[in-house]
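Residue numbers (my numbering): 669 to 821.
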Amino acid sequence: MSAPHFHGRYRTVPASLMLETLGASLSTIKEEDKATDADLGAVLGKSDDRAAAYRHGDADMGAVSLLRGIAAWDGRFVGDALALVGFRLVPIEAGTATDAASLTATCALLAKKAKALEDGVIDDDELEGMWPEIEAAARDIDRLRERRRLRLV
């Protein structure tokens, strides 16, 4: 296996790849937002030269800067880097869905999934066809997780 970071949930991902991936995300944000390295640095709480080093993948970023970047740019910033290690960023939203509406969302997904599984396999077209229901159910599950988390605090 010459590329172990492509295989398995608990794969090893080289630090250089993580830094390059975060750097590429910062470069994309800089371009899309027509920002400068000083602008990026202001969000991250760092100087413009430190932001440029992050953007080029030449420096490791501390937790505070990383979290500031996530708060400002969400998945645009860390989505690709999290995907390297098998995760994704999910914003916690209180949402306005009711418990009754959540059952509707879950049942809609189950109906589409049951139909897709009639032949024993969910193909790519079927997956794409049920994507709105997957997202709706995922939002509701995240809403319930947040509700429970707040209760435990």
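We treat Cβ as the ideally placed atom computed from N, Cα and C, and that holds for glycine.
When the alpha-carbon of D748 is set against those of M686, L812, A768 and E814, the nearest one is in M686. Selection A805, R744 and S693 evaluated against A720 yields S693 as nearest (Cα-Cα). Judged by DSSP secondary structure, F745 falls within the alpha helix (DSSP H) whose first and last residues are A731 to L752. In terms of Cβ geometry, W741 and I790 do not form a close pair [threshold 7 Å]. Taking every protein chain shown into account, the CB of K780 has 16 or more other CB atoms within 10 angstroms, so this residue is buried. Judged by DSSP in its simplified three-state form, I802 adopts helix.
CA-to-CA, the gap between A706 and R815 works out to about 38 Å.
If you draw a 10 Å sphere on the C-beta of L778, you find fewer than 16 other C-beta atoms in it, and that means exposed. Between S770 and D810, the gap from beta carbon to beta carbon reaches 7 Å or more.
Residue state for I809 is assigned as helix, using DSSP reduced to three classes. Note that the C-beta distance between G743 and L752 is not below 7 Å.
If the five residues before and after T704 are omitted, its C-beta is found closer than 8 Å to the C-beta atoms of K698 and D716, all from its own chain and listed in chain order.
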